[in-house]
Structure formats: structure tokens, C-alpha cells
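K.L.:
Please find one structure pasted underneath; my questions will follow.
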Amino acid sequence: MDVDYPPQAEDFRRRVRAFLSEQLPAGWAGMGALPEKEREQFREQWRRTLAEHQMLAVSWPKEYGGAGLSLVEQVVLAEEFALAGAPQGSENDTFGIGMLGNTLIHLGTEEQKQRYLPKILSGEQRWCQGYSEPDAGSDLAGIRTSAVLDGGEWVINGQKTWTSAGHLADHIFVLARTNPDAPKHRGITFLLVPMDQPGVEVRPIRNMAGYSLFNEVFLTDARTGAGEVVGAVDDGWRTAMALLGFERGVTATTDAIRFRAELDRLFALARERGVTSDARIRDRLAWCHSRVEVMRFRGLQALTRSLSGQPPGPESAISKIIWSEYAQAYTELAMEILGAEALAPTGQATGGLLQMPEAGTENSPLSWVETFLAARAGTIYAGSSQVQRNIIGEVLLGLPKEPRLDSGPFRELTRKRG
Amino acid sequence: MDVDYPPQAEDFRRRVRAFLSEQLPAGWAGMGALPEKEREQFREQWRRTLAEHQMLAVSWPKEYGGAGLSLVEQVVLAEEFALAGAPQGSENDTFGIGMLGNTLIHLGTEEQKQRYLPKILSGEQRWCQGYSEPDAGSDLAGIRTSAVLDGGEWVINGQKTWTSAGHLADHIFVLARTNPDAPKHRGITFLLVPMDQPGVEVRPIRNMAGYSLFNEVFLTDARTGAGEVVGAVDDGWRTAMALLGFERGVTATTDAIRFRAELDRLFALARERGVTSDARIRDRLAWCHSRVEVMRFRGLQALTRSLSGQPPGPESAISKIIWSEYAQAYTELAMEILGAEALAPTGQATGGLLQMPEAGTENSPLSWVETFLAARAGTIYAGSSQVQRNIIGEVLLGLPKEPRLDSGPFRELTRKRG
Amino acid sequence: MHFAYDTDQDDFRSSLRRFLADKAPLSAVRTAAESERGYDADLWKQMSTQLGLPGLHLPEEHGGSGTGLLEPAIVMEETGRALTASPYAACLLASLAVLRYGTSEAQAELLPGIAAGDTIATLAMTEPASAAGVAGLRTTALSRGDDVTLTGVKTLVEHGHTADVLLVSATGGDGGTRLYVVRGDAAGLTRTRLQALDLTRPVAEVRLDATPAVPLGEVADLAPLVDLWCTLLAAEMVGGTAACLDMAVAYAKDRHQFNRPIGSFQAVKHRCAEMLVALDGARAAAQYAAFAADQAFTSGQDGPELETVAPLAKAEASEAYTFAAGWTIQVLGGIGFTWEQDAHLYFRRAWADSALLGTPAAQRARLADRLGL
Amino acid sequence: MHFAYDTDQDDFRSSLRRFLADKAPLSAVRTAAESERGYDADLWKQMSTQLGLPGLHLPEEHGGSGTGLLEPAIVMEETGRALTASPYAACLLASLAVLRYGTSEAQAELLPGIAAGDTIATLAMTEPASAAGVAGLRTTALSRGDDVTLTGVKTLVEHGHTADVLLVSATGGDGGTRLYVVRGDAAGLTRTRLQALDLTRPVAEVRLDATPAVPLGEVADLAPLVDLWCTLLAAEMVGGTAACLDMAVAYAKDRHQFNRPIGSFQAVKHRCAEMLVALDGARAAAQYAAFAADQAFTSGQDGPELETVAPLAKAEASEAYTFAAGWTIQVLGGIGFTWEQDAHLYFRRAWADSALLGTPAAQRARLADRLGL
């Protein structure tokens, strides 16, 4: 056994470090340390810097303008960016570069690649994801948004939800039902849809922490070209699942770094509040340390697998459970440490967060309370813990499925709006 | 609100106390303090004393030789016997008096009452329960033991399991399938079967703590009279469920007393081991105290309901979950307190226990380890925690059932031996 | 033996629940909570004059109805269930302090106004970085002749930014702790509503700078007041827990995925069952604590029982409520996490109530002390 | 970067697993454990001579194969999975003590016999009412000239009733703690097999009454040995956890109730999934601890990492194992609770291993100390 990175990865690490120290502003302490109004501007400018230095579409092959990095190099890059508290791109890049770009590279036509990839990379197009619907959450294949061909164009009607960064996007990839007479997984098509048209309306969803990180997208006779299909017509489920595979990417290997930074903050909080001598708090802090170490060890395992050519698989369901339940546990410990301070929490806010505050955020009671609130979503989005346990039970352990009540033509399912 | 017992119950309490102080041997410290070989003899003699003083079939009406006690009086009696560490009868009495007797009183024919009740009371007949089968555990209605009428007698074939005190019994009440063409709940008959016949074989089951508390009962062309049916032929499910209703009885109101005695032992153990200053141990001990108090409070609620004429209902599923999960938690705390002492536990053994040691048992590591092992069964027997949660979810909360795959004639179910 | 609310009390609960459902649905709660005052003054007027809530437990001589503490516990449970934005809890606690610690003059002066709903009174016991306000008291009372002034900082004062009367704990020159009556318009008083975790209960920081005050009574052990507070919070949390469970169950019956109601999946059904188990235990504990508090209140004699039952009930109710509120969000899925859905209002209240006066772990530490461990 | 066992190691694991499944199924384990010796001497002979297990990590000069500690960790995991009744773990730990603390004479004297499987050696560090045997040492060593005798009581000595060599911790006249070599046939030695929670690993009480002994080496800090022990126990527990999960999953697929395999119910399926989550994390931690231990062992230099990783891995593995063993019984239902079914053998091992050298809470307390909390 050997946990050292390959020499070329360490070479790359040095290059990344050099890049970061050259390009980040002097005294850089993370996005969280920037005044809130300067953040978006910095992020835009920083994205341009990344693009110029081939640090943006790190997972794409070079022929499409990407950095052509191996997974280990992607991990090294993610590690170094995380340690430096530097963003790896815009939020839309998660969808445009990480998901759609990789999907087009693998499943798109040459024409689609030529047409979309450069614009995604340049930032000319900002993408978001149109998967979930109000009635199709855990049961994603239950989508009801319809698309019908009309005069050489798809006409799309329906409602998408939980669309991250949708308000910043100008394009959306949409799962739409194109054949309601087929079984539910078989009549879905993956469509590329421009958003600057009257039939597309975006409304923000405010989350329970008070921030708008998600959107609803209403599609009313929205249109896109007949050829804007990735994969085959009615075979969009396959494309959709392939895309989600890219979502897994490198996170299992970098969870530990991000949560370690958070745990350092928590240790500091406990020390500041003078509670480290309490046996219960000590026990829980040591438990948190253990969980973050487990993430690190599992990350090393994942990296080892990827170095031997195995793509991330269903074991990512385990990673999801581990980090999302840990996120609730360590923020609940923060609440315990804060005690009554949590009731009227003071100090710097987070500005809205999906998982954890930006690097450089003050170790404030308010940042902890917001992180605590945000942690409730972790066991819901990107496949709830219940869905993950089904995957673990059925795919990894081979346990039998529940009796199915949703086979047969989609049209005939007696579905009910929730 | 008022938590005082009614005056007549307190009068009765004084009578019970007087009885106990007169009848128990001098210096009585509980069954656990008797030498092991003297226990059975004491129990037999004690049972006779109880019968003589109308302290035995406390839930039966006086006309059938019972004590005709109200539920509150039954609770008072149970409380005082528990406090004194005195048994309330033999193990077979649980089945003969508590379950079958009450069932016959409510659903039996007059002839059955006359025939069986006196013998149950006198101890001439010792009953056990033939419900569960290897393939019918949580799914009790899946029983496969068959009974067919042949020459004016039922001929019974099958295997029963988890039969408590079966090795001490001479009669068994059996659920048998008499109509395999009916749906599974509809073709079952409740039969009274003598065990002193060649077709009945009892084999002990050794539990994981090393004691034999349960038995298998093999029925091979066993016979009983055509009239030995409680309730109607093919309608035994109703009888079976009524009988289980009597099982609920007064336990919810006396859980607290029994677990309080155990908690006193645990507190003493913690003090002896000098661990009460550890904040984690303190927290868990205080939690245990809280849970036992919750049992007491819920007992007061149950008693109040029964005083206003409401029989125990499905909320007993909540009591079952509370005590059985608590039993695992507090014995796990005992293991934590014992630490390495649990590895080779010393001192008095329990002699086998369903839930907790007999009163008077030494506060020994071995008694704790055995109680800890026994606690694993609590969430399985008498309806597993999973079954209880189904009941709570479906009956108390009205949540919808799972899709059923076991409707239609029993004969046609493609069942598989587990 | 009747360990249950009686028929009158059940009727009172039902009518109060209907009243709140009618007059103060959660949409109205949000509006009220977001207002500057943090509650709906019209609703409070109806709660006071029409239902007589603030005076229920107060002596008839002071305009109250002379009930024990069971009726207030019912009000706490039902307002906890409805998340009613009102100063009821603040006034209740303050009035209990006046009854317990106040001179007869102070009682005569303060209680009629509280009973009528005209005086909003509140306790100001917590200081920054102290949980229950009893330990580590830094606010001082300075006496000059008959005049007393207070100097210090209080926080988490419920309705502190609008209260007419604040009962402020402070240490006097004799080293003893007393509660002092401070008028809302007193000199040297700075009151600031705080950004709170719990959106439906306004809390304020109150700064006192040589602020005139009048002692409520003699040197006082405030621990019994904290026990009463814990008891009433337990009732409130039981109400909130029940509301969460109702919300989760209703959604689980209605919401379909995979062509089945999600409540038919054991992953959801069993979690709802566990919520009910937790609720049922917490309710029994809160009911017993209310009973013990009522016994002490009506007899005028502290029994030893409340000392252990109050922290016990608070801890049990806290854990039931945070468990149920968290799982309600999970059962509701994505929408459970949105601002517009009400689950987070309960989730916030659950965690705020749990932290107030000490987390479950802190309560159990108190309990262990009192059990002589 | 290769944080995984290599192909040779995987092959070794597979062949060992096959060997144990073939030669020592659980029925044979029961027979061996119930025997007076507590293990199967023939099996041990095969494990020693055919597979060379006890000498794997020992230097070739002493008859070993000179591997690092990864292979022993594999053996611990596989024997933990199979619950093999053998003195492997006892001999492994004793040999690590000899390597670490022993003089070259002691090594030359003891290691060849251990490597060959001829010498059963074991650590005797725990005393009644002490967990890890390091603190509270009461056994004393008395020197007269070159002769040393030990007096005291040791307990939980694995295979202590049959071992040829016991390495006994004691305090010498200089106040320093050493390990001493005591022969199984020494005078003044009374050895009694104890009734144990774990049925498949015999433990004994060893009484020393002026028993002749030889110092293994100089005054020693035994904490690093405890860390190695924790590391190897973590590997053993991961094996046991995996066996439990296999058992539960196989049963859940096969057992039908309500005309469905019970594994199709989420109440069972999700619990099995949680077992895998726990196993997966524990396995990663145990693997890293083994890696860190191997690094220290092969380099001869203690790194600081094992100090935190060893208690961490022990705690994680303990909690995974007790969780999985408990739930396996629950999934199996009634039969899971019977003596004849094997689940309780794992359940007992899980709790015994967890208590040995300190419960998860005790391990995390050590971890917190070492993290400087």
C-alpha cells in the first residue's frame, strides 16, 4: 500500500499551487472573506483567468478545449483549490461543463459538440438542469413535462423544479415525455432548450435558510429544434443517467478536504467556548474527526480505483449517505456548543450555501446556524437518503425490489398530484 | 388531574401487602435470592397459596373461580407483587389463565368454560401456545399447520415454534389451517389440543444466552375432538386476535416498576464502579431514568383510560417499542459501565430470563451480561419492532398499507420456505 | 386517579384550537412575525378579552380566572402547535414570577394589567453567553436610598423590544439575586430586536444603563421559576411535535411517487411511527410535569418532584420535537426545505426551544445532579 | 498511490478464506471452542505449517516470511470473518511485543517457536478492573540477583490456560514497567479458563505467586503495543461485520413473509444498507490503520499517525460490528436469537472486541487527548 500521489500528479500539484499563488489576489483568504458585493465580480473575472490557463473544463479532453486531466489530476486540482479557498468556476459550470459538456462529449453528435462545447467553455452559454418536477422527485422517471414535434420543432409544456442557478442560466437541458404510451422510463427524451424565449419563465425558490439557490422553470409552449436531442428520441433516460454519472466525479475524494476545513472551524468554536473538557463534547468532536478521516480514507480508495481505470459506480451512494448525514451531525454539534447563542446568532452570514460556507467566512454563530439549516437539504437533494438506501440495498447488496405498481404505459398510471 | 389510586384500590393494596407479608417466607428477598434448585418447588407451593387466597386468576370473573378484580386492582396486585419480588403464578399461567382462560370466558361455549376453567385454575392443566411456525413469524396468518376432520376428530399436522413453557405444558391451543382454499386469514381454526398423545413432540430451543425458554412442538397426526374449537371453524383468526388482546393486559402499567428496579441496580453498578462523574455516563443514566419515568407516566395514562372503561388498544404497540428498545439501551449502558469486566463476567447467573432477572438476583456482571443478551429478543418476540411500526403507522396514523402479494386462496400463494 | 385532562379542559383545548386555526393560521403567523412588533395585536386582544388567556391562572382578585397551571399548559401546547405569534408565553412566565416573588403591592400593581392583556410583561434573565440566566449574572442593581438603578445587558428577552414591563434579574449590593421591575419606557433602556433562529417569536437585547427599577420582591432562588419555564416549554414543544407529525402524515398519505402514496413505503411509514412514539412519550412527560407544576402552584408548596420532572420533560420534548421536525422536512422532501412551506418554522422553533434554558444534554446534567448521581 | 491490497495479498486472502471455509466452518468452530483447549490443534498445525501464518511477519532469520503487517491484518480480518478458534491473534500480539521490546536473545529464543506454530505465546497485560492493562498495574516483579519472580493476577489472557509462554506486564523495583517471559509450566502459576462472553476465544485468569520470570527487555512504554492491538482488532471486527452482513442479506433474500422476500421490505433493506455503510467506513479506517501500522513496523519508526488512527479505527469498527451483529439478529428474527444459529457468536465477539482495550467511547476519549482537544 502506498498513499502517495503519482509523481506526475505532484508535478501538477506544484503547477496548480504556482498558478494559485500567482493569480489569486494578495492576502487571499477565500471568497467568504471578500465583501459580499465583490464576490460575483471576482468570480466572473476568476473564471476568465481559469479559462485562460486551462484550469476550467478540467475533465474534458483537450481536443474540445478542456484540460484533459486525469481523475487524479482533477482531484489534485480540487484539493488545491479547496485548500486555497478558490472557486473552480461558476455555479452554471457545474451543469454546463461538468454534466452537459461531458455528456455531449460521450453521447452527442459531432455537430452538437462543435456547436455547444466552445460556448459552454467561453461562458457565452450558461446552462442549468431541467430534471425534477413537482410530481417527479425521488421518482424522477415520473416526469410529466411533454414535448411534441410540431413543424420541425419540439413544443414543450410542463414545470421543472429544483433548478440550481436557473436564474443565471440562458440554456436548460430538459427531460421531457415524448411517448406517453411507452412504459415510464422508455418514453423520455433529453432536449437542449434555449431559455431566452417567451415560453420559459424562471421563478426563484427561497430555501428555509432564506436564500434563493433553486428555481422553478415553467415551460409553456417553449420550443427547440427537432435536432436538439442528446441520445435517441424516447431514449433520454439513458442520457439522463449517464449525465448523473458525471455528477459523481471527484467529490468522494474531496469531501474530506472540505469537511476538514469545517471541522477545524468547529474545533476552534469549541475551544473558544471553553467546552472541550466536557466528556460528551470531546466524544462528539472525536467522532466528527473520525468521520472526516473515514471520508479521507474512502477518498484514497476511490482514487486508487480510478487510477486502475474503474469509473465511480453505485458505491457513490455510500459516500452520499456518509457526507450528508455527517453534515447534519456536525452542525447539530455546533448547535450544542453554541447553546443559547444559537437563538439569536450573530456575526457574518454565509450569503447562502448548498453545503458549507465559503472559505474565509468568519467563525460566527450565524454562519453555523445557517450551515445547520442548510444541512437539512443534504439528505434530500441529489437523491434522498431513502433513494440511496434503495440503491445500496438493491444494487450493491442485491436485495429484491419492492413490488412495482408503475409498470405499463405511462398514460395509464393512475397518478395523483401530491 | 389526580394520580392517586381510588380508595378501594388502596384498600386492596393494603390487603395484598398484608397477604404478602403473611405468606412470603421470613426474610424474603425475591426468587433470585433463593438457591436455584429451591425455586421451582417454591413456585409450585406459592401457586397453591395464591389459588387459596383468590390471588391467582385475578382477571377472571368470580363466577369462574377468578378474583374478579378490576384492571386497577390487577395493577395494584402486579405492583405489590413486583415490589415484593413475588411471582404471580407459573409460566404456564400466562397462557392458561391470562390468555386462554380469558378467551374462553369471552368466546367459549358454556361447556368449554365448565370443562376447562376449573382445571386451568387448579393447575391440573398446564397450557402453552401454538401460534408461530417456522414460516409464519411476523406473518402469523401464513401458518401451514393443517387440521382435517376425520372420524369426528381433528387430525393435525405441522410444526409450531417459540412455544414458551411448552416442556412444562400438557395442553396446547393451536392455530391450524382448515380451509386452504380461503384467503389466508379466513381458513384458520383455533383448536384445543391435549399434548399427552403420541402425535405431539416437544423439543426445547436453546436461546443465545444458553437457556431453554422456548420449544418447538411437532404435530404428527395429533388428534383432538371435533368440538374443541374456540370460535367458529375457519374463523380462528378472530379468536387468535382476541386472545392476543388479553396479552396486553396490565403490562404497560407495570413496565415502569420492573424497569425501575433494574435501573436501581444499574445506578448501584455505576456507583460501585465509580463512573458516575463521567459526563457521558451521567447523561445516559439520566436518560434511562427519563425513559422509565415515561413508562410510569404512560402507565398512569393507561390506567386512567381503563378506569373510564376503555380497553387497551393498538397504542400498546408504542409501549412495546418503548420498553423493548429501552431494554437494549440500558443493558448496553451496563456493558459500557462494565467495560472489560463484561468479557469474562462473574457472579450470580440469572437462571434464564425473558426480560430481566428475578428480584433478589445479585448485582453481578454475569447477571448484566445475560440480561444484555436477553434484551436482543425483546424487539423480536410478541411482534417485532418492524411489525409494531407497521401497526403504529397503519392503525394509529392511518398511513396506507404496502401493496399486498398474499391475497387470494392460501393454496395458490407461491410461498417458499425461509 | 385521573391522569388526563378533564372534559372542561378538553373542551377548552378544542375551542382554543379552533380559534387559532380560524384566526391565526400559519399564513397569519408569518405576517404577524414579520411585522415590527412580532405579533398580531388584534389577535392578542381577542386572546385576552374574548378568551381571557393571560389571566387564566391569575387570582380572581387581580382579574384572573383562578385556574391552576393545567389550563396554561394547554394554551402553551396549542399555541405551540399553531406557532401562534403572541406574547402569551412571555406574559405567563412573567406573571408566574410576579406571583411567586412579588410583594403584594407588586402583584396588585402588575397582575391586573397582565390579566387583561393590556400589559405585556416579560422576563429578562438571560445574559450574553449564559443559558438560563441564573448562573453568571453580571447585571447589577445599585441602591441609593429608595431608588434603584440597574446596569447590564440582557438578551433573548422574548418580546423585549415591545414589552411594557420587564422583570430583570440582577445582583444587589447585598450579593443577593432579585428580580426587578423595569418599565418599557424607563430611562437608560435600549432595546433591539434580534435576528432570531425562531422566526415566530421575537427576542430582543435589552441594555440597561443606570435604568430606574423597582425590586419585585426579596432575594430569590430563581431555579423554581426555571423549572416552571421548562415545564411550560415542554408543553409547547409537544404541541409543535404533534403539528409536525400531522403535517408529515398528511403529506405521506397524499404524495405519490412510483404510483404509490409515499406513506406506504416503510422508509416513510416507520419514521412517522417513530415520531409518534417520541411524541407519545414526550406528551406523557410534559403532562406529568404540568401536573406536578400545577400541584405545587395550587398548593403553594414546592414539591421535590418538579425538580426532576421539569428538566426531564424539557429534554424528552426537545428530542421528540427536533426529531419530528427534522423528519418532517425529510418526508416532505424538496418542498420541506423551502421558505414557503411551514415545516422550517417548526424546525426553527424546535431547535430554539431546545437550546433555551439548556439543551437536552444540559437538562439531563441537571437531572443527574438532582437524582444525586 | 495504491490504497488497496495488492494482487498477491488479494490472492492470499482468497486462499485463506477458502481454507477456513473448508477446514473450519462454524460447526467446527463451535466444536473447537467448546473443547477444553478452546481451539483445534490440528487446524492450528495446518495454519502454521501449511500456511505459515504465525510467522508471516517475522524475520526470516527467526523462521518467518518477513512480510509487513498487512498480511497479518488480512489474517485477522479473515479469521474474524470465520470466527476461527485459533491462537493466531494471541501469538501475533505476543510476537509483536517480542519484536518490539525483546532483547536479541529473547527474540532468538522465542520467535522461531512462535513462527513454527510450536510455541503458543500470549500477552498477559490486563488485570481485574483495568481495561487496557497499562494503567493501574499491580503485578510486581521482585529481583534477587539474576532471579526474578512475579506476583499478581492477570485476567482476560487469551489462551492463557494453555499458552506455552506468557508475556506478563509487571512493575519492577525500579518502578518501571516491563514485559516478562513466564513459561506455562513455571512454579507458582495458576491458570483458570474463564466463562467468557465471547464463546469462540478462550480467556483465562492467570495468578502468579512468586513465579519465576525473565525480563523480555528494558522498561517499556506499552502504549504503542496497545495501538497495534487496536489496529489488528479493527481488522478482525471488519471481517466479522462483513460476515454478519452476508448472513443478514442471504437470509433477507431467502426468507419469505407475506409472500415476499423480507429483503424487499424497506424496514429490512434499508437496515442492511446501513450495515454496508457502516462496514464500508470501518473497512476504510481499518485498512488505513493497518497501512499506518505497517509503515511503522517496516520502517522501525513510530509515526504519529497511528496514535490517532488506531483508536479511531477500533471505535469505528466496534460500532459497525455491534450495529451489524445486532441488526443481523433482528433481521433473522426468532431464529437469530437461538443458540444453534450463528448470529450470536458474532454478536458476542462484536461486544467482546468492543470492550477489549476500551469501548468506542474510551477510544474516542484517547483520540481526543491525542488530537490535543
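Taken in order, these protein sequences are the chains called A, B, C and D.
1 is the number of the first residue of the first sequence in the working numbering; add one for each residue after it.
419 is the number of the first residue of the second sequence in the working numbering; add one for each residue after it.
837 is the number of the first residue of the third sequence in the working numbering; add one for each residue after it.
1210 is the number of the first residue of the fourth sequence in the working numbering; add one for each residue after it.
C-beta atoms are modelled at their ideal positions from N, C-alpha and C, and glycine is treated no differently.
Fair warning: this is a prediction, and the values are worked out from it, not measured in the lab.
Use the C-beta contact count for A/GLU412: other C-beta atoms within 10 angstroms, 16 or more gives buried, fewer gives exposed.
P.N.:
One-based indexing of the first sequence puts residue 412 of chain A at position 412. Burial check for A/GLU412: the Cβ neighbour count within 10 Å stays below 16, so the residue is exposed.
K.L.:
Any idea what DSSP makes of D/ALA1340, helix, strand or coil?
P.N.:
As a first step, residue 1340 of chain D is located in the fourth sequence; it is residue number 131 there, counting from the start. Because D/ALA1340 sits at a pLDDT of 46, beneath the cut-off of 50, its placement in the model cannot be relied upon, and the point is left open.
K.L.:
Quickly, what does DSSP pair B/LEU703 with across the bridge? List them, please.
P.N.:
Position 285 of the second sequence, counting from 1, holds the residue named residue 703 of chain B. For B/LEU703, which the question treats as bridged, DSSP gives no partner whatsoever.
K.L.:
Hey, does A/ARG280 have any beta-carbon neighbour from chain C nearer than 8 angstroms?
P.N.:
Against the first sequence, residue 280 of chain A aligns to sequence position 280. Yes, its Cβ sits closer than 8 angstroms to a Cβ of chain C.
K.L.:
Quick check on A/GLN301 - is its C-beta less than 8 angstroms from some C-beta in chain D?
P.N.:
Translated into the one-based positions of the first sequence, residue 301 of chain A becomes position 301. Closer than 8 angstroms to some Cβ of chain D, the Cβ of A/GLN301 qualifies, so yes.
K.L.:
Pull the bridge partners of A/ASN157 from the DSSP assignment, please.
P.N.:
What you label residue 157 of chain A is simply residue 157 of the first sequence in a count that begins at 1. In the DSSP output, where bridge partners are listed per residue, A/ASN157 has A/SER146.
K.L.:
Quick check on the burial criterion: 16 or more other C-beta atoms within 10 angstroms. Buried or exposed for A/LYS62?
P.N.:
Taking the first sequence and counting its residues from 1, one reaches residue 62 of chain A at position 62. By the neighbour-count rule (16 or more Cβ atoms within 10 Å), A/LYS62 is not buried but exposed.
K.L.:
What do you get for D/THR1537, buried or exposed, if any count of 16 or more other CB atoms within 10 angstroms of its CB means buried?
P.N.:
For the purposes of this step, residue 1537 of chain D is taken as residue 328 along the fourth sequence, with counting starting at 1. Flag for D/THR1537 reads buried.
K.L.:
In the structure shown, what three-state DSSP assignment does C/LYS990 receive?
P.N.:
For the purposes of this step, residue 990 of chain C is identified with residue 154 of the third sequence, where counting begins at 1. It is a strand residue.
K.L.:
Quick one, which residues of the region 1451-1477 of chain D are near chain C if we go by CB-CB under 8 angstroms, in chain order?
P.N.:
PHE1474, GLN1475 and ALA1476
K.L.:
Would you call the region 904-920 of chain C and the region 1128-1137 of chain C in contact, with 3 or more CB pairs under 8 angstroms?
P.N.:
Touching, yes.
K.L.:
Helix or strand or just coil, what does DSSP make of C/SER901?
P.N.:
What you label residue 901 of chain C is simply residue 65 of the third sequence in a count that begins at 1. In this structure, C/SER901 counts as coil in the three-state DSSP scheme.
K.L.:
Need the endpoints of the beta strand (DSSP E) that B/HIS639 sits in, please.
P.N.:
Sequence index remark: in the second sequence, residue 639 of chain B carries index 221 (1-based). Note that residue 639 of chain B is Asp in the sequence shown, not His. That run of the beta strand (DSSP E) goes 630-643.
K.L.:
May I ask you to list the residues that DSSP assigns as paired with D/LEU1442?
P.N.:
Start at 1 with the first residue of the fourth sequence, and residue 1442 of chain D comes out as number 233. The partner list for D/LEU1442 (beta bridge, DSSP) is empty, contrary to what the question assumes.
K.L.:
Taking 8 angstroms as the CB-CB cut-off, is B/ILE623 touching chain D?
P.N.:
To locate residue 623 of chain B, count along the second sequence from 1; it is residue 205. Yes, B/ILE623 lies at the interface with chain D (some Cβ there is under 8 angstroms from its Cβ).
K.L.:
On the DSSP letters alone, give me the boundaries of the beta strand (DSSP E) that A/PHE190 sits inside.
P.N.:
Taking the first residue of the first sequence as position 1, residue 190 of chain A is located at position 190. Its beta strand (DSSP E) spans residues 188-194.
K.L.:
Who are the neighbours of B/LEU823 on chain A, taking C-beta pairs under 9 angstroms?
P.N.:
Taking the second sequence and counting its residues from 1, the one referred to as residue 823 of chain B is at position 405. The contacting residues are PRO403.
K.L.:
What runs of the alpha helix (DSSP H), each 4 residues or longer, lie entirely inside the region 1223-1290 of chain D?
P.N.:
1235-1243 and 1250-1254
K.L.:
Taking the C-alpha atoms as reference points, what is the distance between B/ALA427 and B/ILE675?
P.N.:
The residue you call residue 427 of chain B lines up with position 9 of the second sequence. The residue you call residue 675 of chain B lines up with position 257 of the second sequence. So the alpha carbons of these two residues sit roughly 17 angstroms apart.
K.L.:
Excluding the five sequence neighbours on either side, which residues of its own chain have a C-beta within less than 6 angstroms of the C-beta of B/LEU489, listed in chain order?
P.N.:
For the purposes of this step, residue 489 of chain B is taken as the residue at position 71 of the second sequence. Here the set comprises SER724.
K.L.:
DSSP beta-bridge partners for A/GLY130?
P.N.:
In the first sequence, residue 130 of chain A corresponds to position 130, counting from 1. DSSP lists A/VAL174 as partners of A/GLY130.
K.L.:
Quick one, are the C-beta atoms of D/MET1210 and A/PRO400 less than 8 angstroms apart?
P.N.:
Along the fourth sequence, one-based indexing puts residue 1210 of chain D at 1. Along the first sequence, one-based indexing puts residue 400 of chain A at 400. In this structure, D/MET1210 keeps its C-beta atom at 8 angstroms or more from the C-beta atom of A/PRO400.
K.L.:
Flag A/ASP150 as yes when its Cβ comes closer than 7 angstroms to any non-hydrogen atom of the ligand SAH, and as no otherwise.
P.N.:
In the structure shown, the ligand SAH is absent, as is every other ligand, since no ligand is present at all.
K.L.:
Would the region 99-117 of chain A and the region 1044-1057 of chain C be scored as touching if the rule is three or more Cβ pairs under 8 angstroms?
P.N.:
No: fewer than three Cβ pairs fall under 8 angstroms.
K.L.:
Could you please tell me which residues of the region 729-742 of chain B, in chain order, have their CB closer than 7 angstroms to any CB of chain C?
P.N.:
ILE736, ILE739 and ILE740
K.L.:
Apart from the five residues on each side of it in sequence, which residues of its chain come closer than 7 angstroms, Cβ to Cβ, to B/CYS410?
P.N.:
Residue coverage of chain B in this structure runs from 419 to 836, which leaves residue 410 of chain B outside it and unanswerable.
K.L.:
Between the alpha carbons of C/ALA977 and A/ILE281, how many angstroms are there, rounded?
P.N.:
As a first step, residue 977 of chain C is located in the third sequence; it is residue number 141 there, counting from the start. As a first step, residue 281 of chain A is located in the first sequence; it is residue number 281 there, counting from the start. Their Cα atoms are separated by approximately 36 angstroms.
K.L.:
List in chain order: all unbroken alpha helix (DSSP H) runs of 4+ residues lying wholly within the region 54-90 of chain A.
P.N.:
71-84
K.L.:
Please state the DSSP three-state secondary structure of A/PRO183.
P.N.:
Start at 1 with the first residue of the first sequence, and residue 183 of chain A comes out as number 183. Note: A/PRO183 maps to strand in three-state DSSP.
K.L.:
What is the residue span of the alpha helix (DSSP H) that B/ILE755 lies within?
P.N.:
The residue you call residue 755 of chain B lines up with position 337 of the second sequence. Segment 734-756, the alpha helix (DSSP H) holding B/ILE755.
K.L.:
Strictly under 8 angstroms for the Cβ-Cβ distance: is B/ASP701 near chain A by that measure?
P.N.:
For the purposes of this step, residue 701 of chain B is identified with residue 283 of the second sequence, where counting begins at 1. Chain A, which has a Cβ nearer than 8 angstroms to the Cβ of B/ASP701, makes this yes.
K.L.:
Could you say which of A/LEU191, A/PRO312, A/PHE19 and A/ILE205 lies nearest to A/LEU77 if we only look at CA atoms?
P.N.:
Numbered from 1 along the first sequence, position 77 holds the residue referred to as residue 77 of chain A. A/LEU77 has its Cα closest to that of A/PHE19, out of A/LEU191, A/PRO312, A/PHE19 and A/ILE205.
K.L.:
On the three-state DSSP scale, how would you describe C/ILE956?
P.N.:
For the purposes of this step, residue 956 of chain C is identified with residue 120 of the third sequence, where counting begins at 1. If DSSP states are grouped into helix, strand and coil, C/ILE956 belongs with coil.
K.L.:
Buried or exposed: B/GLN719, going by 16 or more other Cβ atoms within 10 Å of its Cβ?
P.N.:
Here residue 719 of chain B refers to the residue found at position 301 of the second sequence. Label assigned to B/GLN719: buried.
K.L.:
Helix, strand or coil for A/SER407 per DSSP?
P.N.:
Within the first sequence, numbered from 1, the residue matching residue 407 of chain A stands at position 407. In the structure shown, A/SER407 sits in coil (DSSP, three-state: anything other than H, G, I, E or B).
K.L.:
On the criterion of 16 or more Cβ atoms from any shown chain inside 10 Å, does A/LEU149 qualify as buried, or is it exposed?
P.N.:
The count along the first sequence starts at 1 and reaches residue 149 of chain A at position 149. By the neighbour-count rule (16 or more Cβ atoms within 10 Å), A/LEU149 is not buried but exposed.
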